[in-house]
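Undergrad: One structure, pasted below without further comment.
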Amino acid sequence: MGAPRAEGHEQMTDFLKPHRIVMIAIAVALVLACIFLLNWSWLENPKYQTLILQGIWRTIWITIVTMVIGMLLAIPIGLAQAAGPWYLAVPARVFCTVIRGTPLLMQLWLLYYGLGSLFPSIPWIRESDLWPLLRQAWPYAVVALSLSVAGYEGEVMRGAFKGVPHGQLEAARAMGMPRFTALRRIWLPQAIHRVLPTIGGETVLQLKATPLVSTITVMEIYAVVGRIRQDTFIIYEPLLFLAAVYMCLTGLIVLLYRWFEGRMPKRVA
Amino acid sequence: MTVTAREGKASGPRPERIRIENLHKSFGEIEVLKGVSLTACEGDVVAVIGGSGSGKSTMLRCINFLETPTSGKIIIGGEEIRMRPDGSPADRRQIEHARQHLGMVFQSFNLWSHMTILQNLIEVPVHVLKVPKDQAVAIAERLLDRVGLLAKKDAYPAYLSGGQQQRAAIARALAIEPRAMLFDEPTSALDPELVGEVLSVIRDLAAEGRTMILVTHEMKFAREVSNHVMYLYNGLVEEQGPPEQVFGAPRSERLQKFLKSLG
Amino acid sequence: MTVTAREGKASGPRPERIRIENLHKSFGEIEVLKGVSLTACEGDVVAVIGGSGSGKSTMLRCINFLETPTSGKIIIGGEEIRMRPDGSPADRRQIEHARQHLGMVFQSFNLWSHMTILQNLIEVPVHVLKVPKDQAVAIAERLLDRVGLLAKKDAYPAYLSGGQQQRAAIARALAIEPRAMLFDEPTSALDPELVGEVLSVIRDLAAEGRTMILVTHEMKFAREVSNHVMYLYNGLVEEQGPPEQVFGAPRSERLQKFLKSLG
Amino acid sequence: KVGVAAEPYPPFTSPDASGNWVGWEVDFMNALCAKAEIECVLTPTAWDGIIPALTSGQIDMIMSSMSITDERKQTIDFTDKYYNTPAIVMAAKGSGITPTAEGLAGKIIGVQVSTIHENYVNKYFGPTAAEVKSYQTQDEANQDLAAGRIDAVMADSIALQAFLESDAGKACCENVGAVADDPTILGAGVGAGLRKGDPLLPKLNAAIAALREDGTYATITAKYFPFDIYGASN
Amino acid sequence: MMPLAAMAASPFELLALSPPGWGGTLLLGLANTMVIAVGAYALGLAIGIMGAFGKLYGGPITRDLLAVYTTIVRAVPELVLILILFYAVPGLINEILIGLGHERIVLPPLITGIAVLGVVQGAYSTEVLRGAIQAVPHGQIEAARAMGMTPMLTARRITLPLMTSNAIPGLANLWLNATKDTALLAVIGFSELTKATYQAAATTKAFFTFYLAAMALYLAISLLSTVLFGRIEKWARRGQRVMSR
Ligand SMILES: Nc1ncnc2c1ncn2[C@@H]1O[C@H](COP(=O)(O)OP(=O)(O)OP(=O)(O)O)[C@@H](O)[C@H]1O
Ligand SMILES: Nc1ncnc2c1ncn2[C@@H]1O[C@H](COP(=O)(O)OP(=O)(O)OP(=O)(O)O)[C@@H](O)[C@H]1O
Ligand SMILES: [Mg+2]
Ligand SMILES: [Mg+2]
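Chains as they are written, first to last, in my numbering: chain A, 29 to 297; chain B, 16 to 278; chain C, 16 to 278; chain D, 997 to 1230; chain E, 33 to 277.
Structure representation (structure tokens):
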């Protein structure tokens, strides 16, 4: 732990400092070594190429869609716990506890193989226009993953709502802001501000939770790579490739959140 | 000093703006307010003075229900705020509406830390009162100019000096063009020059017919700005009256002692 | 008033405690301090006055390196604080050591919100200065009693009135028994009675030979408490001297205007 | 050390409640090791880590119902096959599905991921089927068939037979027959995996042949199956 | 409702504690899970505290290295990291050892598992704690520095306690993740709760019985932890005003 620096006015100096150049050089050397010393022939197989592209695309949209739906649910859930009346707070709490307390894999499994296999035995569902949708696997994946985000982020939002200094809300109330406006304009932005780093991390976690959907036949990138590995028994190369894909996606997420964070004041009074 | 102007306004019947009757407030065991009453009419400037911890801020905060009174009545603009038995407002709408016409400047400023100064000022006009944005910006900039902060309009509160934050807080309260204002030590972080400026702002507002209740520790300021002074001691009104009387001929011994200190 | 006593102390050579030489400080583009120098010796009470935003707090914060000066020298207890080219202290130990003998009272109090008042007071004595705990508690309770807060010793800061917080902050700074103290508007939230009390505390400290630099907006207070007054305008020392001269016969036009406002 | 996949695949390998691994493959392994005069310790390993475990030397042989394919041979060595069971198609009762490209046209077919059956379905039925769904385990595919979310599954006859004999299987589904053989995909059977160039290989092949010869193979098989599972000798 | 759960035995028989019931296996799995989770979480927290301070107050090299660490570790799925760290790294070491004429070494799976998960947890803790520290009011840290507290002392006495209330929800999430991530160690032959459940279910085909049982066990852990973290949070929020509505 170094000495704390005075914050707030550090200017963005040149990206290329000497140590950065060394780090980049090492990274480049590693990548080159991987490219030339390992066996990448499987990547040339057109069958795998299409599978990989499809897989990456599925991973991306599942992450985004479930994250968005989940956050939209998480905000009221967090709020209900932080400031809601008991008849909202208690169910929200129970929901978060159950979701966070049990493995996502098992939730997914119960939803798809449990609930999902009940539907076909109910004739009117089978007859309805919804059946083609309910027959697919991805709706279950989206529901399960979104609920999972809602559960985890609901908890995070609860802490964030509670952490906003008292005076900030008093100022809003004193000026006659309706409760919802105060929530939308003051409470929520400040709460989000405090948890942006956390939510950034949770988004990455969500990205890495998507492999679970392969267990209900949604073939995202992890499943595709798993399949390639089992087809060919090549051990590390597909894994390295997978790591690279996730790293790129994570990089995008990190950049996105950094951009969000950059738009906020650094210091809280 | 424009004593005559204020005295002139004090006479004649003017509509009542803020009235509190027999206000009590306890925090747990401690009774902070023990029955305070006050009436402020249009154009009135009431200065509340008193020792630290005597309940001045609490009284101000009760007026717009930031604290729920333990008992007592609060009447704003002739309308009594309906309370539940526990003192919380029974009708959220009513209290929100009342607050929109009650500007408040906090002792600790409470500027919104995630917004620039300008954004702080236009927040309520634009999002609550539905003033068109450019109009709100124009008003806000005029106010900022008046308190000498126009250059800082795009700075975040955490990067301002204490006095600048206080001026921004005053400007924010003014930006909603309230009918009545509650000031909690509005000049505590200001130098004499700025105190003079705030004084003139308050006088202008009073001349426009607005009502003001202000808590202050600066007796000179209280004397110059108010037409009614209230001395709070230990949660009770120990003495009140026109400033000439309260400062010039205090009857209560405690008030005499209070005013005597620091020569 | 004890003008003679202070004058008496002012004569004769006393060891120098705090000296700043040609201090500059910029925040990004804005230069807030443009070359300020000051020397304060044992028993000196320097009052810093000036308009809001003139750089008073920044100067105070530079003295103990809460802000890194852009350039200039800071000499504490005769020892120059070594700086890196960017103004940050080169030797963390040195600056930590210096700070332990520099009490500071912040404009915004900055009491630690997770500790009770008593815990706030004994924190540094016990954990930095290694005073035995019961001894530290005894000192803290004496100080709290002196500022009238003994009854609140187990309350958390968020539940105190503004003036109570300020008094607690002053007591916290005193609890480390510093050789020199920096006060940033120590009386802004206090009523006249308490201002008088703080005045007497500061006088006692000066009599014990401690050095004090205090930023204040209350001219009367500055005049009574200090033996040297410094008027800051826009990051520069516009005028300085003994209080009789600065307040009684100001030379600078700006200072005249500054002092004239509010009668 | 011999690795088996820690995922149960009864009746070949599965743990009992006290953590002992049992099944045809376990018995066969014991017999094989005895015959080849090597000492074997059974080490359950997750399927995902089983190849790295082999190559990094944490285990020395894999016996985990692993099908021999050309693609895999590029990475590890296989012994000769030690069993090979025919592939069949299972569909809902009375669906009228036949195990041919025409019979499965427009249907949703479930298979276990990375099996020879998946390769077969993709090659022969994929182009005309509505969709081919890949499941992590055969149990899940069976369950979805029972639930009506897919129309047919193709898999190893032994695995499906066990399901068809269960209550759930009896209620919903039937065996609609074996698919046309394609030795290049289905024919190679199941072998034990070894590190490339392992000198044990000829010894193990000899032992497998010997077990076939001396009737041990038949004895072990009879304990679990009413028929021979070696498949056509090629 | 349970198409496949053609249960020969009742759920109670299946869940009996001694064989042929699988209850004992599940509880053993639970115990393994807890050991790994506690170890990994503690290690992760230690890394996280240092990482967060390093990221906020460290020099440029420290910060860049930490950025690389958190980005890579958080980016790559744990399973991939575990496979690489558990097989590839010892593989390399062994090759070198054998090249030098030494014996093969086999890493103890428990320690390795805890280390790997701890390193992963550390990256997440770093970010949670960094956010929490940033949300601490600046003035309170300044007050500590102004009184000559060393950075270590400031961290210990002021910053850490103040940020705890902000960090608790995120840290609670991480803890629950730790209990569930132990399932990843099944890859290296570890029989923890998820793995034990799966084995029991697949062997007996009583999927619902075992999955519901496992979910109940996980829920029990989680409820206990929630109570515990709730206590900690309440304590951490001491001194903060509770909002009146
Ligand atoms: N961290 C910061 N970043 C940018 N600008 C700052 C920062 N801190 C202070 N300033 C600016 O520096 C100037 C001087 O601030 P300072 O706090 O020293 O004023 P002051 O003399 O103490 O005023 P006051 O009497 O109002 O407290 C102000 O204009 C302020 O906006
Ligand atoms: N939320 C609270 N919980 C408990 N006690 C409180 C709370 N708020 C205020 N108090 C106590 O109530 C008393 C009155 O506080 P108040 O803030 O009204 O004082 P004040 O007159 O404004 O003082 P000052 O001039 O110092 O600001 C004080 O003793 C204070 O400690
Ligand atoms: Mg107050
Ligand atoms: Mg200041």
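We treat Cβ as the ideally placed atom computed from N, Cα and C, and that holds for glycine. All of these numbers come straight from a predicted model, not from anything done at the bench.
1) CB of Gly177(C) to nearest heavy atom of ligand 2: below 6 Å?
2) Given a threshold of 16 other Cβ atoms within 10 Å of its Cβ, counted over all protein chains shown, does Leu211(A) qualify as buried or as exposed?
3) With a threshold of 7 Å between beta carbons, is Met247(A) in contact with chain E?
4) Given 6 Å as the limit, tell me if Thr202(B) has its C-beta closer than that to any heavy atom belonging to ligand 2.
5) Rounded to whole angstroms, what is the Cα-Cα separation between Ala1126(D) and Lys1103(D)?
6) Taking any Cβ of chain C, which residues in the segment 198 to 216 of chain B have a Cβ under 9 Å from it, in chain order?
7) Output needed in chain order: residues of the segment 234 to 253 of chain B with a Cβ under 8 Å from some Cβ in chain F.
8) Quick check on Gly163(E) - is its C-beta less than 7 Å from some C-beta in chain A?
9) If you drop the 5 nearest sequence neighbours on each side, which residues of the same chain put their C-beta closer than 6 Å to that of Ala228(E)?
10) Compute every distance between the C-beta of Gln122(C) and the non-hydrogen atoms of ligand 3, then say whether any falls below 6 Å.
11) Could you give the C-beta distance for Gly271(E) and Ala173(C), rounded to a whole number, given that I count them as a contact under 8 Å?
12) Measuring only between beta-carbons, confirm whether Glu174(E) sits less than 7 Å from chain C.
13) Would you say Leu81(B) faces chain A, with C-beta separation under 7 Å as the test?
14) DSSP state of His39(C), grouped into three classes?
15) If you count every other CB in all the chains shown that lies within 10 Å of the CB of Phe42(B), and 16 or more means buried, which is it?
16) For Gln1108(D), which residues does DSSP report across the bridge?
17) On the three-state DSSP scale, how would you describe Glu1098(D)?
18) For Gln255(B) and Tyr248(B), which I take to be in contact (beta-carbon distance under 8 Å), what is that distance rounded to the nearest angstrom?
19) Please report the distance separating the alpha-carbon of Ala188(C) from that of Leu197(C).
20) Can you confirm whether the segment 75 to 88 of chain C touches the segment 1001 to 1015 of chain D when touching is taken to mean that 3 or more C-beta pairs between the two stretches lie within less than 8 Å?
21) Step through the CB atoms of chain A and report whether any lies within less than 7 Å of the CB of Thr258(E).
22) Between Ala170(B) and Ile132(B), what straight-line distance do the alpha-carbon atoms span, to the nearest angstrom?
23) For Val249(E) and Leu142(E), I'd like the C-alpha separation in whole angstroms.
24) Leu20(E) and Val148(E): beta carbons closer than 7 Å?
25) Can you list, in chain order, the residues of its chain whose CB lies under 7 Å from that of Pro109(E), leaving out five sequence neighbours each side?
26) Can at least three beta-carbon pairs, one atom from the segment 157 to 177 of chain A and one from the segment 60 to 79 of chain B, be found at a separation below 8 Å?
27) Is Thr1180(D) buried or exposed, if buried means 16 or more other CB atoms sit within 10 Å of its CB?
28) Counting only runs of 4+ residues fully inside the segment 64 to 116 of chain A, write out the alpha helix (DSSP H) ranges in chain order.
29) Mind checking whether Met1086(D) and Cys1029(D) have CB atoms under 7 Å apart?
30) Let's test the definition: count the other Cβ atoms within 10 Å of the Cβ of Arg213(A) and tell me whether it reaches 16, buried, or not, exposed.
31) DSSP puts Gly1187(D) in a beta bridge; with which residues?
32) Can you list, in chain order, the residues of its chain with a C-beta nearer than 6 Å to that of Ala195(C)? Leave out the 5 residues immediately preceding and following it.
33) So Gly83(E) and Thr102(E) are supposed to be a Cβ contact under 8 Å. How far apart are they, rounded?
34) Provide the residue(s) that pair with Lys49(B) in DSSP beta bridges, ordered along the chain.
35) Can you pull the chain E neighbours of Pro1095(D), defined as C-beta to C-beta under 7 Å?
36) Can you give me the C-alpha to C-alpha distance between Ala190(B) and Ala155(B), rounded to a whole angstrom?
TA: By the coordinates alone:
1) yes
2) buried
3) No, because no Cβ of chain E sits closer than 7 Å to the Cβ of Met247(A).
4) no
5) 5 Å
6) Contact annotation: in the segment 198 to 216 of chain B, residues whose CB is within less than 9 Å of a CB in chain C are Asp199, Glu200, Thr202, Ser203, Ala204, Leu205, Asp206, Pro207, Glu208, Leu209, Val210, Gly211, Glu212, Leu214.
7) The structure shown contains no chain F; its protein chains are A, B, C, D and E.
8) yes
9) Thr57, Leu58, Gly61
10) False, no ligand heavy atom lies under 6 Å from that Cβ.
11) That pair is a contact at about 6 Å.
12) Taking Cβ atoms only, chain C reaches closer than 7 Å to Glu174(E), which makes this a yes.
13) yes
14) strand
15) exposed
16) The partner list for Gln1108(D) (beta bridge, DSSP) reads Tyr1131(D).
17) coil
18) Their Cβ separation, rounded to whole angstroms, is 11 Å, which puts Gln255(B) and Tyr248(B) out of contact at 8 Å.
19) Their backbone Cα atoms lie some 9 Å apart in a straight line.
20) no
21) Yes, contact with chain A.
22) 6 Å
23) Per the sequence presented here, residue 249(E) reads as Leu, with Val not at that position. Taking the straight line from one Cα to the other gives about 22 Å.
24) Here chain E has residues from 33 to 277 only, and residue 20(E) is not among them.
25) none
26) Touching, no.
27) exposed
28) Correct list: 74 to 111.
29) Cβ distance not < 7 Å, so Met1086(D) and Cys1029(D) don't count as in contact.
30) buried
31) Met1062(D)
32) Around Ala195(C): Arg32, Ile33, Leu117, Thr226.
33) 7 Å
34) His39(B)
35) Here the premise fails: no neighbours, minimum Cβ distance about 23 Å.
36) 6 Å
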